[in-house]
Amino acid sequence: MSDTPDDVTADQVAPDATPEPEVLHGVPVTRRFGQRVAFPAADQLVELVRTLRDEGWLMCLDVTAVDYLTHPRADLPEGIEAERFEVVVTLISHAERERLRLRVQVPEADPVVPSLFEVHPGTEAMEREVYDLFGIRFDGHPDLTRILLPEDWVGHPLRKDYGIGSIPVQFKAPSER
Amino acid sequence: MGLDFSNGLGTIDHNVVTARVEDVVKWARTRSMWPATFGLACCALEMMGTGGAHYDLARFGMEVFRASPRQADLMIVAGRVSQKMAPVLRQIYDQMMEPKWVISMGVCASSGGMFNNYAIVQGVDQIVPVDVYAPGCPPGPETLIHAIGTLHEKIADGEVFRRRADNGGGANITVTQLDGQRGPQPVSLGLK
Amino acid sequence: MTIAENPTNHHHDLERLTSEGAQEMAPRPLAGGVEVLRELGCVLRMSESEAEALEAPDDAETSIINMGPQHPSTHGVLRLMLELDGEIVLRTKPVIGYLHTGMEKTGEDLTYVQGGTNVTRMDYASPIFNESAFCLAVEQLLGLELPPRAQWIRMLLNELNRLTSHFLFLATNGMDLGSTSMMIYGWREREEGLRLLEMITGLRMNHNFIRVGGTAADLPDGWQERLAAYLESIPGRLEEYEALMTDQPIWRERLQGVGAIDTDEAVALGATGPILRSTGYAWDLRRATPYFAYDQVDFDVIVGSYGDCFDRYAIRLNEIRESVKILWQCIEHLPAGDYRLQDRKVTPPPRRRIDESMEALIHHFKIYTEGFKVPEGEAYAAVESPRGELGCYLVSDGSGTPYRLHMRGPSFVNLQVLPHMLRGGTVADAVAIISSVDPIMGEVDR
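Protein chains in written order, with the working numbering: chain A, 16 to 192; chain B, -17 to 174; chain C, 22 to 467.
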């Protein structure tokens, strides 16, 4: 690193400069534990997924969400503001044999994200699950109803402010038979 | 019933057997108890295994799992009962004809098991009266057969109805878990 | 008023309690255009207005019937609402959630050693795969590299579990199509496999044997002979099943051409596993993104050609043969060494040392009660389960329990192909198709 070839001038070589932050179609990207993670905004999501689908990221594996109410995270790239919820979309490219994760920040005050149903019909059930368990609405979803919990359930269990709902257990001595 | 069959049927003088009605009824009930299919989760696989060739419920007259609750007398609740499934469970139980029995198979059905949370009913006895509780996660076929055998025994000696009258609901018999008791199996838990 | 408070049967209350409102199928005039479109299974080809204008029989001639959640087709608590025109299925709407156990919420309260007990009960027909995906995700966050023997033992258990799961498929598929003897035969094979798993892991099902760092214990002495005896019995029996099923005209009539799907549709709907491979698309995670020791063993990825039920049945049958091949290679080539990474952080000390050393006792105690802490971060790891891509998305906040645990269950996503496949077939075909998708409701509902 310190041996520059004779015909290269000093301003062409800057070994100590920090690498450019990676960008994918205008969206910042980080690499963690060997996987690429991109951070689109909610309004960039559908276009990005459509573009990626045309580039070979053919299948949407998973749509899920995380509630970061009790854990301020430090792994967001510059320019991305942390919100309470994150919708996490995992795509896969069969040709490249690689997975890509998209994390969309969703504010608590207005938890709406555009639906990926038009691009990947297979996200229908997964988005319903996110709605059911987190309360995040998907704009443009054909049938946004609860899927796992009974229809009259109140609340969204996977949110951090929803208790686990355990009952205290009483241990009794075994009764005589 | 006091007859001597040691030399075969040819030695019987009379071809009439007398018994008390209660005994014949109990004999019929225990020897052809038909379970309703109520396999919910992992325990259902062990229940199906009990019906299979190795453990064979057919020798008890129970290999016909009736899909229709109208034709079944025994409901083996095999698996965890979620909040959404609870009314369905009750509906199936109500559709069964008397006399009917319930075996709660596995810890999830008996008490909620390892899932003490918002989604699982903490014991199917919140919804239907249970006669026999079979522990295990899942209870192996041996435990399930022990539970079924216990139920048969208790029906045959009238104990089940006595216990139900006492408890105001199910007979509440708990059996011990019998599977995995073939003797000590060496397991290597350290470096050799 | 709950059922417990009012146990005397009131039909009206039960009707109300068992009705799932908006989750159920609405009659055609009431269901919006997009919902009809989706339920017709024409998601990928028609537009909404085309679907609405679709020539459909008069609404008075179709009926909506309900299959499940308790029904004899032994696929767990799946409820299907079908709109029928006579015997032909038009629309299908699966209603799920009857086995929702809140496992992802429970997972946030369990340590990483206990986590296996929770995830293993999701896909309960192939529990080892759930544990594998979970442990791979945790190991990604911890940055652990496992010794070769641990990888091979994990691979051995995975393939053994794939055998028992596929035998379960053959049994239930046979039963659904009327062959009760196949049910008994399939369970016979499965029993032998479960006994082998019991010998190795201690339990027939829901093992919690794959732990972070390796496996819970080493393979017991004499495993090669037991496993070899099992593997030797399989090919002959598979020949019998081929004679009973594959070569039989009734089987072919019932399965060939039924429930066909093509690659674009399967990929768009997110289907993986035998469903995707039946369309001719050779995607198998064991070959594409190898994990454990799959890149060191020789096996084929089985694909179909027509995407119908017969292809899916044939793929699973032949995957049994491939698993047997892999297991033979395991018997021959399993390396010696540690069954578990000897990393003080995640591995408890050997049981013998607990009697000798106070420090070992404390170490053991800490790992089993508090658990070990995993660095902050998020990871996704996936394995090829008998149903498709089983993934685990784990978010850690640096403490001893996961912050968010999400399992991507293949059956949950695969169920979306049902409306598409069932359309235009008869109800009897519906039974065959559901059986060929082979859903396990534990991982659908979690």
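By construction, the Cβ of each residue, glycine as well, lies at the ideal position given by its N, Cα and C atoms.
- Taking C-beta separations shorter than 6 Å and ignoring five residues to either side along the sequence, the partners of K114(C) in its chain run M46, E60 and M102, following chain order.
- Judged by their CB atoms, Q44(C) and A140(A) are not nearer to each other than the 7 Å cut-off.
- In the three-state scheme derived from DSSP, where H, G and I count as helix and E and B as strand, L160(B) is classed as coil.
- As for any alpha helix (DSSP H) of minimum length 4 sitting wholly inside the segment 257 to 291 of chain C, the runs are 270 to 276 and 284 to 289, ordered along the chain.
- Under a 10 Å Cβ-count criterion, N(-3)(B) is classified as exposed, with fewer than 16 other Cβ atoms of the shown protein chains found around its own Cβ.
- DSSP lists C413(C) as the bridge partner or partners of M428(C).
- With contacts defined as CB atoms closer than 7 Å, R183(C) and G358(C) fail to qualify as a contacting pair.
- Taken in chain order, the members of the segment 73 to 104 of chain B whose beta-carbon sits within less than 7 Å of a beta-carbon on chain A are N98, N99, Y100 and Q104.
- For F54(A), the closest C-alpha among the options R65(A), T66(A), H40(A) and F48(A) is that of H40(A).
- Taken through DSSP and simplified to helix, strand or coil, K66(B) comes out as coil.
- Bridge partners of P129(A) according to DSSP: D154(A).
- Linking H187(C) to Y302(C) through their CA atoms gives a straight-line distance of about 20 Å.
- Residue-level contact check: H427(C) does not touch chain B, since none of the beta carbons of chain B fall below 7 Å from its beta carbon.
- With distances taken between CA atoms, W173(C) lies nearest to I347(C) out of I347(C), E82(C) and H92(C).
- Within chain C, no C-beta atom comes less than 9 Å from the C-beta of G170(A); the nearest is roughly 12 Å away.
- The continuous stretches of beta strand (DSSP E) do not include V134(C), and DSSP gives it neither H nor E.
- Taking a 10 Å sphere around the C-beta of A97(A), we find fewer than 16 other C-beta atoms and assign the residue as exposed.
- Per DSSP, the beta-bridge partners of P115(C) are L101(C).
- Taking the Cα positions, D144(C) is about 17 Å away from G95(B).
- Residue state for P396(C) is assigned as coil, using DSSP reduced to three classes.
- Not flagged as an interface residue toward chain A: Q317(C), since no C-beta distance is shorter than 7 Å.
- Comparing C-alpha distances from G61(B) to each of E340(C), L248(C), G235(C) and T122(C) shows the shortest one belongs to T122(C).
- Taking a cut-off of 8 Å for Cβ pairs, the segment -1 to 16 of chain B and the segment 136 to 147 of chain B touch, as three or more such pairs fall below it.
- Residues of chain A with a Cβ closer than 8 Å to the Cβ of H384(C) do not exist, since the nearest Cβ in that chain sits about 27 Å away.
- Residues of the segment 2 to 24 of chain B with a Cβ closer than 9 Å to any Cβ of chain C, in chain order: A18, T19, F20, G21, L22, A23 and C24.
- Taking 7 Å as the CB threshold, Y119(C) lines the interface with chain B.
- Within the segment 27 to 39 of chain B, the residues whose Cβ lies closer than 9 Å to any Cβ of chain C are, in chain order, L27, E28, M30, G31, G33, G34, A35, H36 and Y37.
- Residues of chain C with a Cβ closer than 8 Å to the Cβ of E70(A) do not exist, since the nearest Cβ in that chain sits about 14 Å away.
- With a cutoff of 7 Å on beta-carbon distance, M462(C) and V159(C) are scored as not near each other.
- Interface flag for A110(A) against chain C is unset, since no Cβ pair is found closer than 7 Å.
- With respect to I109(B), A68(B) sits close: the two C-beta atoms are nearer than 7 Å.
- Contact of K136(B) with chain A is not assigned, every C-beta pair being separated by 7 Å or more.
- Here V127(A) is exposed, its C-beta having fewer than 16 other C-beta atoms within 10 Å.
- Taking a Cβ-Cβ cut-off of 7 Å, the neighbours of Q65(B) in chain A comprise P165, given in sequence order.
- In terms of beta-carbon proximity, I179(A) lines the interface with chain B, with at least one pair separated by less than 7 Å.
- Comparing alpha carbon positions, the residue from G445(C), A453(C), G234(C) and E464(C) closest to G107(C) is G445(C).
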